[in-house]
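Which chain is which? The protein sequence lines are A and B, in order. Residues in the first sequence are numbered from 0 upward in steps of one, following numbering that gives the first Met the number 0. Residues in the second sequence are numbered from 0 upward in steps of one, following numbering that gives the first Met the number 0. Backbone N, C-alpha and C define an ideal beta-carbon position, used for all residues, glycine too. What follows is a single structure, written as structure tokens, with notes after it.
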Amino acid sequence: MTIHSMKATAGQSVIALDSAEEIGKVKHFVVAPDVSRIDRLHIDGRRSKALFAEWSDLESFGTDRVMVTHADDPSESKDDRDIGVAKGDIELIGSRVIDTAGFEHGTVADGSFDADTGAITSVQTSEGTQIPQSSIHSLGSYAMVIDA
Amino acid sequence: MTDRLTLMRASEVAGLPVVTIDGGEDAAEIKDVVYDGGRHDLLGFTLNKRGWFRGSMKSILPTQNVAGIGRDAVMVADEGSLLDQGGSHEVLSQPKSGFDVVGNEVVSSSGAVLGTVVDVIIETGANPKAVGYEVKTADGSLFIPSSAQMALSGENLIVPAEAEAFTNNDLAGFGASVPSFRHMLGDQT
Chain A
0 MTIHSMKATA GQSVIALDSA EEIGKVKHFV VAPDVSRIDR LHIDGRRSKA
50 LFAEWSDLES FGTDRVMVTH ADDPSESKDD RDIGVAKGDI ELIGSRVIDT
100 AGFEHGTVAD GSFDADTGAI TSVQTSEGTQ IPQSSIHSLG SYAMVIDA
Chain B
0 MTDRLTLMRA SEVAGLPVVT IDGGEDAAEI KDVVYDGGRH DLLGFTLNKR
50 GWFRGSMKSI LPTQNVAGIG RDAVMVADEG SLLDQGGSHE VLSQPKSGFD
100 VVGNEVVSSS GAVLGTVVDV IIETGANPKA VGYEVKTADG SLFIPSSAQM
150 ALSGENLIVP AEAEAFTNND LAGFGASVPS FRHMLGDQT
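If you want it as structure tokens, here you go:
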């Protein structure tokens with residue numbers, strides 16, 4: 000298991016193995032609604048429309064660059080959640096944190112994920128609290144909901 | 000019993016977002032707290048829309064569908080927790096004027112006028128309920144625990160003389176008084 004920081008990964012260049020070209024930079028993470036894993040990366044590239052790379056299309060997640068297998072793999076999306084992420088409406092980093100009893104706990108400062116599988120292991124809040132993934136219920140446009 | 004409850008004024012609940020636990024979405028906003036003064040019972044909430052198209056929603060939120068009320072939000076399991084008006088929940092969309100308790104003069108059964116009801120106090124958490132009243136007095140405010148033994152006319156709220164021993168002039172201290180008052184009455188709810 001190789002744990003990476005989502006905050007540190009945002010902004011990294013995405014390079015295609017087959018063409019060696021830079022497709023763009025990691026802008027957002029499309030995470031599963033239950034925040035269990037990263038489903039896709041939103042890549043801010045040269046095209047006017049948002050590009051998304053499926054986790055399965057990623058060759059490796061290095062400390063400096065994100066490698067995709069083929070330059071043609073990242074594609075546009077019409078999925079509502081993908082579009083919400085690209086617009087910044089559903090964004091884990093910076094999201095309000097609220098518990099099931101209705102009390103806020105700051106915002107999400109960073110997330111840790113397994114670079115081998117895409118599984119999110121924990122989230123850190125702006126108040127310095129480390130929240131294990133098992134305590135997270137959901138991420139929506141309003142908040143990330145955690146156990147009280 | 001020394002339990003301390005987490006309490007809020009009903010007026011502070013109005014305006015809070017209603018957030019879904021399964022989706023992290025703000026499905027609505029609390030418009031009004033619907034309270035049955037005759038039974039001292041919290042019935043639920045009417046709702047406003049969120050976002051650009053604010054205004055009254057047709058849906059309502061019964062108390063039993065609330066997963067938690069906190070300082071920052073009212074939590075529900077999912078959007079299915081918000082129900083259409085009508086049916087068994089018609090009282091929530093068309094509360095009777097006779098339910099009003101705010102503005103009633105509070106008189107103890109021993110004949111003393113204690114003040115005027117200015118707010119209803121709600122126990123927050125996963126099983127919210129009304130637990131008392133905030134009363135404006137001549138020299139400040141007072142919190143009085145509610146019980147089914149209190150009579151309400153729309154003008155006067157009669158409280159048992161025993162309740163006077165459990166009044167408190169700050170909300171935090173009142174949280175400890177309510178369980179003691181219930182225990183004294185033999186009310187375990």
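With 8 Å as the threshold, decide whether the Cβ of residue i is near any Cβ in chain A.
i	result
B:D40	no
B:G37	no
B:P172	Here the sequence assigns Gly to residue 172 of chain B, which means Pro is not the residue at that position. Taking Cβ atoms only, chain A never reaches closer than 8 Å to B:G172, which makes this a no.
B:G97	Interpretation of B:G97 is limited by its pLDDT of 46, a score under 50 that renders its predicted location unreliable; the figure taken from the coordinates is listed afterwards. Not closer than 8 Å to any Cβ of chain A, the Cβ of B:G97 fails to qualify, so no.
What in chain A is Cβ-close to residue i, meaning under 8 Å?
i	result
B:M56	Result: empty, since nearest Cβ-Cβ is about 16 Å, beyond 8 Å.
B:G43	Ordered by position in chain A, no residue passes the 8 Å Cβ test against B:G43, which lies about 16 Å from the chain.
Do the CB positions of residue i and residue j come within less than 8 Å of each other?
i	j	result
B:I120	B:A76	no
A:K24	A:D43	yes
A:A118	A:S35	yes
A:V67	A:L16	yes
A:E75	A:L40	no
B:L82	B:P61	yes
B:A27	B:V17	yes
A:D56	A:D72	yes
A:F112	A:H27	no
B:V65	B:G131	no
B:D99	B:G153	yes
B:A9	B:D118	yes
A:D81	A:V29	yes
B:L6	B:A72	no
A:I145	A:D33	no
B:T115	B:L141	no
B:G69	A:G139	no
A:G127	A:V107	no
B:S108	B:A147	no
A:M5	A:D109	yes
Buried or exposed, going by whether 16 or more other CB atoms sit within 10 Å of the CB of residue i?
i	result
B:G43	buried
B:H182	exposed
B:T123	buried
B:E24	buried
B:A162	buried
A:P131	exposed
A:T124	buried
A:M0	exposed
A:D98	buried
A:T116	exposed
A:E90	buried
B:G22	buried
A:V122	buried
B:N103	buried
B:S80	buried
B:V112	exposed
A:E20	exposed
A:A7	exposed
B:F180	buried
A:H69	exposed
B:A67	According to the sequence shown, residue 67 of chain B is Gly rather than Ala. The residue in question, B:G67, is buried, as its Cβ has 16 or more Cβ neighbours within 10 Å.
Give the residues of chain B in contact with residue i, contact being defined as C-beta atoms less than 9 Å apart.
i	result
A:E103	G69, R70, D71 and A72
A:S137	T19, I20, D21, G22, G23 and E24
Chain B partners of residue i, CB-CB under 7 Å?
i	result
A:I97	V18, D71 and A72
For chain B, find out if any of its Cβ atoms is closer than 8 Å to the Cβ of residue i; answer yes or no.
i	result
A:P32	yes
A:M143	yes
A:R12	It should be pointed out that residue 12 of chain A corresponds to Ser in this sequence rather than to Arg. No - not a single Cβ of chain B is within 8 Å of the one on A:S12.
A:S134	no
A:A147	yes
A:S140	yes
List, in order along the chain, the chain A residues whose C-beta lies closer than 9 Å to that of residue i?
i	result
B:A66	T99, A100 and G101
**Report entry** Residues within the region 2 to 33 of chain B neighbouring chain A, beta-carbon criterion of under 8 Å
**Finding:** L15, P16, V18, T19, I20, D21, G22, G23, E24 and D25
**Report entry** Positions along the region 120 to 149 of chain B whose CB lies within less than 8 Å of some CB in chain C
**Finding:** Among the chains of the structure shown, chain C does not appear; the protein chains present are A and B.
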